[in-house]
Amino acid sequence: LTQDELKKIAAYKAVEYVESGMVIGLGTGSTAKHAVSRIGELLQQGKLKDIVGIPTSKMTHEQAVSCGIPLSDLDTYPVVDLAIDGADEVDTFMNLVKGRGGSLLREKMIESACKKFICIVDETKMVKHLGGSGLAMPVEVVPFCWKFSAQRLRNLFEDSGCVAKLRVYPENGEPFVTDNENYIVDLYFQKDIGDLNVASDAILRLPGVVEHGMFINMATTVIVASELGITIKNK
Ligand code: DER
């Protein structure tokens, strides 16, 4: 099975939890994309009715429109029944790293408003500790004096040998701009971050920081697809 087939298997399993009449947080990324199209398919087939989607990015908004999913927002639905979204990393406590697709702020707003948050991943996303695999830990910052914010983030984690890099578009080196007109500073750790709540609080205290990509104690279910089949972990 290819990685994309595994993502699709996890996504389709998650959509089995969707019931007619639900308000659904629609995730962002190549895994969540399969869940969005599956929900659209079931709506077209009449197997699901009266679904309202709350998209976690402009990209998902566009995909959901093309799939015929009625959409709304958190102002209209401040409580969301169920969110289905991917992750970049999942640790053994079901904490997540998200945001390598750049949508972490809207994802976290919507997933924090959910009664249930199903995280869908293929097996490659499972890690022992968040941030330990040397991959990006995204932090959304305001563009104003982003270098100042990046340096303060570096200082926070200097004993973890942290590197902080502005995310840029590979084709032209211009700063990546999020749906919310902000920038992303990606943090790279040489060893794992240690206490996630301490790290989270320290990052969020920096005035130029908007949000970070650690989703601590937010997922209520993780669905992992591997060659051996599907594993479902519940909080
Ligand atoms: O950027 C994001 O938050 C995405 O949800 C990411 O965490 C997972 O993207 P993928 O399903 O394309 O790997």
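In this note's numbering, the protein residues as written are 380 to 614.
Cβ atoms here follow ideal geometry from the backbone N, Cα and C, with glycine treated the same way.
Residue i, DSSP secondary structure in three states
{"i": "T503", "result": "helix"}
{"i": "I430", "result": "coil"}
{"i": "V397", "result": "coil"}
{"i": "T407", "result": "coil"}
{"i": "L450", "result": "strand"}
{"i": "H508", "result": "coil"}
{"i": "T381", "result": "coil"}
{"i": "S436", "result": "coil"}
{"i": "S445", "result": "helix"}
{"i": "S482", "result": "coil"}
For residue j and residue i, the rounded distance between their alpha carbons
{"i": "G400", "j": "L475", "result": "28 Å"}
{"i": "V506", "j": "S579", "result": "19 Å"}
{"i": "L422", "j": "T410", "result": "19 Å"}
{"i": "I497", "j": "E553", "result": "34 Å"}
{"i": "A393", "j": "D501", "result": "13 Å"}
{"i": "E490", "j": "S512", "result": "24 Å"}
{"i": "L453", "j": "E384", "result": "31 Å"}
{"i": "I609", "j": "I388", "result": "8 Å"}
{"i": "S482", "j": "F555", "result": "11 Å"}
{"i": "T600", "j": "K495", "result": "8 Å"}
{"i": "C493", "j": "L509", "result": "23 Å"}
{"i": "D467", "j": "F536", "result": "21 Å"}
{"i": "E590", "j": "L583", "result": "7 Å"}
{"i": "K426", "j": "D565", "result": "41 Å"}
{"i": "I418", "j": "I448", "result": "8 Å"}
{"i": "I563", "j": "E420", "result": "34 Å"}
Bridge partners - residue i, DSSP secondary structure assignment
{"i": "D464", "result": "C498"}
{"i": "V459", "result": "C493"}
{"i": "T610", "result": "V603"}
{"i": "L475", "result": "V469 and F594"}
{"i": "V402", "result": "V431"}
{"i": "L421", "result": "Paired residues: none, contrary to the question."}
Expected contact under 8 Å - CB spacing of residue i and residue j to nearest Å
{"i": "V521", "j": "D460", "result": "V521 to D460, Cβ: 32 Å. No contact."}
{"i": "C541", "j": "R533", "result": "6 Å"}
{"i": "K386", "j": "H413", "result": "6 Å"}
{"i": "M473", "j": "A598", "result": "5 Å"}
{"i": "P517", "j": "G406", "result": "Not really, about 15 Å apart at Cβ, beyond 8 Å."}
{"i": "E499", "j": "G465", "result": "Before going on, a small fix: residue 499 reads as Ile here, not Glu. Contact flag correct, Cβ pair sits at about 6 Å."}
{"i": "F594", "j": "K487", "result": "6 Å"}
{"i": "V469", "j": "K504", "result": "5 Å"}
TODO: Within the stretch 513-561, note down every full alpha helix (DSSP H) run reaching 4 residues or more, in order along the chain.
DONE: 525-535
inquiry  = Report the start-end ranges of each alpha helix (DSSP H) in the stretch 556-599 that is 4 residues or longer and not cut off at the edges.
reply    = 575-584
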